[in-house]
Amino acid sequence: MLDTQPEGYTTADGRKIGGVVMEMKNITLRFGGVVAIKDISFDVREGEIRAIIGPNGAGKSSMLNVISGFYHPQEGEVWYKGARRPRMRPYQVARQGIARTFQNIALFEGMSVLDNIMTGRLNHMKSGFFSQALWWGPAAKEEAENREKVEKVIDFLEIQHIRKTPVRRLPYGLKKRVELARALAAEPSILLLDEPMAGMNVEEKEDMSRFVLDVNDEFGTTIVLIEHDMGVVMDLSDRVVVMDYGKKIGDGTPDEVRSNEEVIKAYLGVSHD
Amino acid sequence: MIYREAGDFKTTYAADNQTFPIKGDRYAYYLVLALALGVMPLIITDYWTNAIIIPFLIYTIAALGLNILIGYCGQLSLGTGGFMAVGAYASFKLMTAFPELSIVFVVLLAGLCTAAVGVAFGLPSLRIKGFYLAVATLAAQFFLIWLFTRTPWFFNYSPTGMISAPTRTVFGYAVTGPRASAVSMYLFCLAFLIGLAWLARNLTRGTLGRKWMAIRDMDIAAEIIGVNPLIAKLSAFAVSSFYVGIAGALLFVVYLGSVEAGEAFGITVSFLVLFMVIIGGLGSILGSFLGAFFLVVGPVLLKILLVDNLRWSSDLAAHLEIMIIGLLIIVFLVLEPHGLTALWRTIKEKLRLWPFPH
Ligand SMILES: Nc1ncnc2c1ncn2[C@@H]1O[C@H](COP(=O)(O)OP(=O)(O)O)[C@@H](O)[C@H]1O
Ligand SMILES: [Mg+2]
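Keeping their order, the protein sequence lines are chains A and B.
Mind the numbering: the first sequence is residues -6 to 266 in our numbering, read in order.
Mind the numbering: the second sequence is residues 13 to 370 in our numbering, read in order.
In structure tokens form, the structure reads like this:
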């Protein structure tokens, strides 16, 4: 249905979705004998919230790791902004404007919340070694400018009160939020979120859902979101890829996916918490 | 914004980001600087200069360097002694090959040579971590000392195998050699320390410092935000070795005057500087000062107390010293990786809220 609208479309709630910004083509990823991803293709459109769902071990995180350059698939291609992406290291992917969070939080525990989020701005900070060493002109100016951007993110995610707190002292839920803040600070074109709501209580989940929607709405950021709880995803996302045992078993709008025979079969007996 | 000191509000991000955001700290810093530059030169004696002050200044530079590598970038090194030797031998070769070259440039160039050597020996850090990296740097330590003792070119074929620093002057005052006065040696070393501490502070609070700390805390996450691990690690090795090399050069030209690599820059020196960093506080500029002060002054005071006053044998006193240091290392490693700096911070946090702790 959507393939007939190459220039994009407008969602029911009035957001503009653009053309394809990233495309995974026939990705196969093996670890020794284990096939984590089997010949999967899907695309991501500009400005949409694209979910990947599936039970534990389905290969969702592996897919995100392929996108961000941690894993290199044995077969298949990643296309980004209309060009085939060569094999890249994670930091090169980051510099192309793809930011992410991890299923198991990956913050810098020894640094303050502020410094953690400031690291998200690294790719926007260009002052040279000597300018930094002498704290002279460009370096000091750049620091202040980027701090301002970071403060906007801090306000947006409502974490002003923990700005100077060392990350290691934060509770789990707030750490997840700081990790999102660090990714947002990079002003990415695509934001990859690996189970942002896992391990949260109901209230925290609601907050996080709101933030995800707000980010997408206010900044137009394309979001690829992993979740294994179907309920949450259906409310949030524009389109959903369903994975099971490394294979794609469904792809479409939440409604299409919900009524897909294979998806129902895969999810039968899987408990939803 | 209430947790900040009452009345001391920041109106710009630059003000919030300065080195000493709290007024009291800032004044204390200016006071120390004024004392060090204005008062100390008038009151220091030869004995205290040689026993405590010069070694403290020089070892603080080395500790700053090692702290950048270990405390900020998380790369363990046991090669400090060897890198100090590079600085010392580089300064010797430069002094003898270019007698006209100012001693200031000699020391700086010796630092640059050491930075280059540090980068070369830092290459393994791209593949190996932690314990294995420590072993690799230990190999560097032994290799470098071996190189300097076995290659006559490095000590200009002197029959004793030692290198000696000729007299060099700054603004007409001798800072090296036998004619150098305590005050000129003191000011020479102090100038380097102030400059280098200031540079270290700037580097660690900016983009590069955050890259180093990101690598230290979680290298995978560092890569995902766009840090190139190659550049981050090697830049830490380069900057760190630059400091360590300058410390080695100063130790040779100013303090010792003549050295033999194995004796002056052996593995014990590597551990001494490492202990300074651990006791003072990993990842802290202030900690480098505290650690160096503690390990330079402590043994001297202990000796005065035990040997000179209580008439212990110096052997016994030396053993006690080693035991105390060993105990402190264990205590700090297990209980407080941020060392003396953390104790200092706790005291300050209490003071800030005093007299109303709630
Ligand atoms: N680095 C790895 N080495 C070996 N096997 C892996 C690795 N990463 C993932 N796998 C395997 O790939 C499969 C998919 O894992 P994962 O992508 O984490 O699933 P999900 O995120 O959907 O729960 C699992 O069988 C897992 O054991
Ligand atoms: Mg996963």
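All C-beta atoms in this analysis are idealised placements derived from N, C-alpha and C, irrespective of residue type, glycine included.
From a predicted model like this one, the values you see are computed outputs, not experimental measurements.
Taken through DSSP and simplified to helix, strand or coil, Leu218(A) comes out as strand.
Against Lys223(B), the close residues of chain A are Leu115, in the order they occur along the chain (beta-carbon pairs closer than 7 Å). In this structure, the alpha-carbon of Gly90(A) lies about 39 Å from that of Leu90(B). Pro66(A) and Glu235(B) have their C-alpha atoms spaced approximately 19 Å apart.
Annotated three-state conformation of Val13(A) is strand, per DSSP.
At a cut-off of 7 Å between beta-carbon atoms, Ala102(B) makes no contact with chain A. At a C-beta separation below 9 Å, Phe101(A) has these neighbours in chain B: Arg222, Met225, Ala226, Arg228, Asp229, Met230, Ala233, Ala234. Val14(A) is positioned such that its CB atom lies closer than 7 Å to that of Thr215(A). A direct Cα-to-Cα measurement between Arg156(A) and Leu352(B) gives close to 25 Å. Contact of Asn214(B) with chain A by beta-carbon distance below 7 Å involves Gln125, Ala126, Leu127, Trp128. Under the 8 Å Cβ criterion, the stretch 93 to 105 of chain B counts as touching the stretch 267 to 278 of chain B, having at least three qualifying pairs.
Shown here, Gly299(B) sits in a helix according to DSSP, grouped into three states. Neighbours of Leu211(B) in chain A, taken as residues at a C-beta separation under 7 Å, are given in chain order as Ala126.
Between Val289(B) and Leu45(B), the gap from beta carbon to beta carbon reaches 7 Å or more. Approximately 10 Å separates the beta-carbon atoms of Ser202(A) and Leu218(A); this is outside 8 Å, ruling out the contact. Along the length of the stretch 133 to 189 of chain B, whole alpha helix (DSSP H) runs at least 4 residues long occupy 142 to 162, reported in chain order.
Our two residues, Ser193(B) and Leu54(B), have alpha carbons roughly 12 Å apart in a direct line.
At a cut-off of 7 Å, the C-beta of Val239(B) has a neighbouring C-beta in chain A. At least one heavy atom of ligand 2 lies less than 6 Å from the C-beta of Ser54(A). For Asn168(B), the distance from the CB to the nearest heavy atom of ligand 1 is not below 6 Å. By alpha-carbon distance to Ser54(A), the top candidate from Leu186(A), Arg232(A), Glu0(A), Ala126(A) is Leu186(A). Interface with chain A (7 Å Cβ-Cβ cutoff): Gly269(B) is excluded. Taking C-beta separations shorter than 7 Å and ignoring five residues to either side along the sequence, the partners of Glu220(A) in its chain run Ala44, Ile46, Glu188, Met190, Val226, following chain order. Per the coordinates, the alpha-carbon of Lys360(B) lies some 15 Å from the alpha-carbon of Leu302(B).
Residue nearest to Trp129(A) within the set Leu138(B), Phe166(B), Val116(B), Trp210(B) is Trp210(B) (criterion: CA-CA distance). Using a CB distance cut-off of 7 Å, Thr219(B) counts as an interface residue toward chain A. At a cut-off of 6 Å, the beta-carbon of Ala44(A) does not count as near ligand 1: no heavy atom of the ligand is closer than that.
The beta-bridge partner set that DSSP reports for Glu272(B) is empty.
For Trp60(B), DSSP records no beta bridge to any residue. A direct Cα-Cα distance of roughly 9 Å separates Thr21(A) from Glu70(A). Here the alpha carbon of Arg114(A) sits roughly 9 Å from the alpha carbon of Leu177(A).
Along the stretch 90 to 149 of chain A, the beta strand (DSSP E) occurs as fully enclosed runs of 3 or more residues at 91 to 93, listed in sequence order.
Cβ neighbours of Gly11(A) within its own chain (closer than 7 Å, five residues either side excluded): Gly1, Arg38, Glu39, Gly40.
At least one beta carbon of chain B lies nearer than 7 Å to the beta carbon of Arg88(A).
Phe287(B) sits buried, since 16 or more C-beta atoms from the chains shown fall within 10 Å of its C-beta.
Contact annotation: Ile227(B) and Cys85(B) have beta-carbon atoms nearer than 7 Å.
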